[in-house]
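Line by line, the protein sequences give chains A and B.
When the count follows our numbering, it moves up by one through the first sequence with no breaks and lands on 479 for the last residue.
When the count follows our numbering, it moves up by one through the second sequence with no breaks and lands on 78 for the last residue.
In this text, a Cβ means the ideal position worked out from N, Cα and C, and glycines have one as well.
Since the model is a prediction, treat every value here as computed from it, not as a measurement.
Working notes, structure below.
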Amino acid sequence: MKSTDGAAAIVKAVTTAQTGARSVIIEALARIEANTGRTKAFTDVLKDRALANADGIDPALKAGKKLPLAGVPFAVANAFDLKGIATRAGSKIGRDGLPAAIDAALIGRLEAAGAICAGAASIDEFGLGHTGETAHDGAVHNPHDLTAIAGGAPAGVAAAIAGGMVPLGLALDSDGGLRIAASLSGLFAIKPTYGRLSRVGVFPTAPSLDHTGVLARSVEDLALAYDAAQGVDAADPAMIKRPLEPVSGRLERGSAGLRIAVADGDFAGAGEARQMMDEIGKRLEVSRRVMIPYAQAALAAAHLIGMAEAASLHAERLRSRAADFDPEVRDRLVAGSLLPAQWIERAQRFRRMFHEQMLALFSTIDVILAPATPMRAPRLGQKSARSAPSRCRCGRASTATRPLFRWLVCPLRRCRSPSTASGCRSACRRSRHHGARISRCASRASSKSPALRRRRWLAASPKNRPALTGLLPLPY
Amino acid sequence: MASKLPDLDQWLDAVAPIVKLDVPAEQRPGVKDHLKTAAKMAALLEKVPLKDETAAAAVYRA
Chain A
4 MKSTDGAAAI VKAVTTAQTG ARSVIIEALA RIEANTGRTK AFTDVLKDRA LANADGIDPA
64 LKAGKKLPLA GVPFAVANAF DLKGIATRAG SKIGRDGLPA AIDAALIGRL EAAGAICAGA
124 ASIDEFGLGH TGETAHDGAV HNPHDLTAIA GGAPAGVAAA IAGGMVPLGL ALDSDGGLRI
184 AASLSGLFAI KPTYGRLSRV GVFPTAPSLD HTGVLARSVE DLALAYDAAQ GVDAADPAMI
244 KRPLEPVSGR LERGSAGLRI AVADGDFAGA GEARQMMDEI GKRLEVSRRV MIPYAQAALA
304 AAHLIGMAEA ASLHAERLRS RAADFDPEVR DRLVAGSLLP AQWIERAQRF RRMFHEQMLA
364 LFSTIDVILA PATPMRAPRL GQKSARSAPS RCRCGRASTA TRPLFRWLVC PLRRCRSPST
424 ASGCRSACRR SRHHGARISR CASRASSKSP ALRRRRWLAA SPKNRPALTG LLPLPY
Chain B
17 MASKLPDLDQ WLDAVAPIVK LDVPAEQRPG VKDHLKTAAK MAALLEKVPL KDETAAAAVY
77 RA
C-alpha cells in the first residue's frame, strides 16, 4: 500500500489490517522527501507528528473505532494553522508570527476520521495569485511537467497530490484556487457551498469569498474527505447550520435523475474545449444548453470585491512592511486600497441580483457543466501581453468558472476531463483573447531566450521531459 | 460608447496619502495597471441595470 494509491484503497487496506498506518505514512514521507525538491510542493513536512498520529490509528481500529479516513496522508495549504508552526500563508511576513496554538478546524476533522497530516504545502502569497510562483518559497512545479505551473493559489497542495505524495489535500478557494489547481494539475476538487465547511484557523484571502475545500485524485476520495470535513462550527460566522449531507454512499447513483445542462454563450468553448464539453455532454446524454446571465459583469464584480477585501485585510501591513510583500501582490493590494466605495457597493448590489438570477436558473437545473479553466497549464514565468507575470492575470481574466460559481449557494466540483491535464478552453471572448495574447507575447518576447530554447527542447521529445521519482502514470 | 478611463496618476496621487500609503516611483506602473483594470471592470458594472431596492449581498445564505 502506497501513498500513490487512492484514499479509499488506503482506508480499505488499513482497516482490514492488510497494512499498517505507519507503513503508509513512512512511504508517503519518503515520496515527499524524494519529490519536494523538484516540485517545491511542501514548505513544512511534519514527520514526527505524522508518525505519532499513525501509531495511534491501528490500536484505535482494533478498539472498534470507526475511522473513515484511516491512515490516509494529506497535505494542507500553508494558510491552515498547524499547531507549533507559524502560519506563513505563502508570505514572508507570516513566518514571523507566533506558532499556532491549535490546528485549523478542518485538519482536526480529517484527523479525527483517521487521516494523517503530512505537512503544509506552498501557496501564492496570502492566496493572492493563481500560479504558485511565490516570491518567498520558490515556484511550485507541476509534477506532470516540471516546466509548467501547478495552478494556484494552492499549487503546493495540487503538486503533492498530482505527484503521488499524498492522495488528499485541504485548501482555500477565494478566487478560483481549488478549481484552477485541480484543472491545471489533472485533479478533482470541490468548492462547496459558502459556509458549508469551517474556515476556522485558516488565514483569509477575501473573507466574503473564502471557501475551504478538498483536492483529490478521484471523486471517491473527494467524497470521503468532504464527508469527514463536514459539520457546524460556531466559531465561523459564515457557517450555515445545515445537517450533515454525506455524499460517499450516493456516488453509485450516478447522474440518473439529475437535470443537467451545458453552459452556453461565454462558456460554449472553442476548439479542444468545445470538443471536450461536447464529449462530456454526449456521455451524460445531455442535450440542454443554458446561458449564464451577466457572466462578464460577474467577473468584474468578483474582482473588485476581492481586491477591496484583501486590501482592507492587509492595510496595516502595507503601511509597515511593504518591502516584505511579493511585489506583484503588493501592487494589487495597494490598488485595492484606492478603490471608490461606490464601485464596491455596486458590485455587492450586483452580487445580490446575480444570485437571484442564478437561483432562478437552478430551479430548473441541478447541474451546469462548464470548463474550469480555459487553458492548459502555462509555463512557469510566462508573461502576458503587457510583460506582466501571468500569475496575477490568468485568474483575473480567463478562468472560466471563477467569477460565477463562488457567488452561488451551490457547490462546484471540478472534474478532470477525459483527455487532458488541463481544463477546457472557455468560449469566453475575453478569455480566448487573453490566452492568445499570452502565447503570442511569450513567443515574440523570448524567441531567442534560453527559456524558450529549453521549452522547444522539452517539446521535441517526451524523453526530454524531466521525470519525478515514481511519478504516477498520466491518465490522459 | 466606451467609458473614459480616469487619470491614473491623479487618482493615485490623490488617494494614496489619504489611506496613508507611500507608493514609490518603481511601484507606480504595477499599481496603475491594477487601477486601470479595476476602472474597466467598474465601467462594465455601471452598464448593468439594478433596481433601487437591490440590497448589497456581502455574504450569501443558502
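Inset, instruction - Residues of the stretch 337–348 of chain A with a CB closer than 7 Å to any CB of chain B: list them in chain order, please. - result: Val337, Ala338, Ser340, Leu341, Leu342, Trp346, Glu348
Legend entry - contact_flag[the stretch 41–51 of chain A, the stretch 261–271 of chain A] where n(CB pairs < 8 Å) is 3 or more: In short, these stretches do not touch, since the Cβ pair count stays below three.
Inset, instruction - Could you tell me whether any Cβ in chain A is nearer than 8 Å to the Cβ of Ala41(B)? - result: no
Inset, instruction - Below 8 Å between beta carbons is the criterion; list the residues of the stretch 296–317 of chain A that meet it against any residue of chain D, in chain order. - result: No chain D is part of this structure, whose protein chains are labelled A and B.
Inset, instruction - Would you verify that the beta carbon of Leu61(B) is, or is not, closer than 8 Å to some beta carbon of chain A? - result: yes
Legend entry - For Pro195(A) and Cys413(A), the rounded distance between their alpha carbons: Any reading at Cys413(A) is ruled out, since the residue's pLDDT is 34, under 50, leaving its predicted position unreliable.
Inset, instruction - Count the other C-beta atoms from every protein chain shown that fall within 10 angstroms of the C-beta of Glu114(A), then say buried if there are 16 or more, exposed otherwise. - result: That one is buried.
Inset, instruction - Return the CA-CA distance between Asp140(A) and Asp23(B), expressed in angstroms with no decimal places. - result: Straight across, the Cα-Cα distance linking Asp140(A) with Asp23(B) is about 36 Å.
Legend entry - Buried or exposed (CB count within 10 angstroms, at least 16 for buried), Leu21(B): Counting the other CB atoms within 10 Å of its CB gives Leu21(B) a total below 16, which places it among the exposed residues.
Legend entry - Given 8 Å, three or more beta-carbon pairs between the stretch 96–112 of chain A and the stretch 292–307 of chain A: no
Legend entry - Expected contact under 8 Å - CB spacing of Gly93(A) and Gly117(A) to nearest Å: At roughly 29 Å, the Cβ-Cβ gap does not stay under 8 Å, so Gly93(A) and Gly117(A) are not in contact.
Inset, instruction - Starting from the Cα of Val64(B), find the closest Cα among Ala57(A), Ala304(A), Ala55(A), Ser323(A) and give me that residue. - result: Ala304(A)
Legend entry - His214(A), enclosing alpha helix (DSSP H) - first and last residue: Element bounds for His214(A): not the alpha helix (DSSP H) but the beta strand (DSSP E), 214–219.
Inset, instruction - Measuring only between beta-carbons, confirm whether Val195(A) sits less than 8 Å from chain B. - result: The sequence shown places Pro at residue 195(A), not Val. By this cut-off, Pro195(A) is not an interface position.
Legend entry - Own chain, CB closer than 8 Å to Ala103(A), minus 5 neighbours either side, in chain order: Asp84, Leu85, Lys86, Gly87, Ile88, Ala89, Thr90, Gly204
Legend entry - Range covered by the alpha helix (DSSP H) that runs through Gly130(A): Unbroken run through Gly130(A): none, as it is neither H nor E.
Inset, instruction - Give the interface partners of Asp334(A) over in chain B, defined as CB-CB distance under 7 Å, in chain order. - result: Gln43, Gly46, Val47, His50
Inset, instruction - Report yes if the CB atom of Pro146(A) is closer than 8 Å to the CB atom of Thr42(A), and no otherwise. - result: At a Cβ-Cβ threshold of 8 Å, Pro146(A) and Thr42(A) count as neighbours.
Legend entry - Cβ-Cβ distance between Ala161(A) and Leu225(A) below 8 Å: At least 8 Å separates the beta-carbon of Ala161(A) from that of Leu225(A).
Legend entry - Residue-chain proximity (His214(A), chain B), Cβ-Cβ < 8 Å: no
Legend entry - Burial state of Pro374(A), where buried means 16 or more other Cβ atoms lie within 10 Å: buried
Inset, instruction - For Asn145(A), write down the residues that DSSP places opposite it in a beta bridge. - result: Asp148(A)
Inset, instruction - Name the one or two DSSP bridge partners that Phe45(A) has. - result: Ala124(A)
Legend entry - Spatial distance of Ala124(A) from Leu66(B) (CA atoms): 42 Å
Inset, instruction - Can you tell me which of Thr215(A), Ala165(A), Phe206(A), Ala163(A) puts its alpha carbon nearest to the alpha carbon of Leu181(A)? - result: Thr215(A)
Legend entry - Cβ neighbour criterion (16 or more within 10 Å) applied to Glu128(A): A residue is called buried once 16 or more other Cβ atoms fall within 10 Å of its Cβ, and Glu128(A) is buried on that count.
Inset, instruction - Spell out whether any CB of chain A is found under 8 Å from the CB atom of Leu66(B). - result: yes
Legend entry - Classification of Gly46(B) by the beta-carbon crowding that lies within 10 angstroms, buried from 16 upward: buried
Inset, instruction - Keeping to the same chain, check which residues put their C-beta closer than 7 Å to that of Ala314(A); ignore five residues upstream and five downstream. - result: Leu336, Gly339, Ser340
Inset, instruction - Give a yes or no on whether the minimum CB-CB distance between Leu175(A) and chain B is below 8 Å. - result: no
Legend entry - Residues near Ala78(A) by beta carbon distance below 8 Å, same chain, minus five either side: Ala44, Phe45, Cys120, Ala121, Gly122, Ala123, Ala124, Gly159, Val160, Ala163, Ile164, Met168, Val169, Leu171, Gly172, Leu173
Inset, instruction - Report the partner residues of Ile371(A) according to the DSSP bridge assignment. - result: Ala264(A)
Inset, instruction - Identify whether Ser390(A) lies in helix, strand or coil by the three-state DSSP scheme. - result: Low per-residue confidence applies at Ser390(A): pLDDT is 36, beneath 50, and the placement is therefore not dependable, though the value from the model is reported in the following sentence. Note: Ser390(A) maps to coil in three-state DSSP.
Inset, instruction - Could you pull out every residue in the same chain whose Cβ sits closer than 7 Å to the Cβ of Ala55(B), ignoring the five residues on either side in sequence? - result: Leu21, Pro22
Legend entry - Amino acids of chain A, ordered along the chain, whose beta-carbon sits closer than 7 Å to that of Leu37(B): Within 7 Å of the CB of Leu37(B), the CB atoms of chain A belong to Leu321, Arg322, Val337, Ser340, in sequence order along the chain.
Inset, instruction - From the DSSP output, read off the bridge partner residues of Ala55(B). - result: BP columns for Ala55(B) are empty, so no partner.
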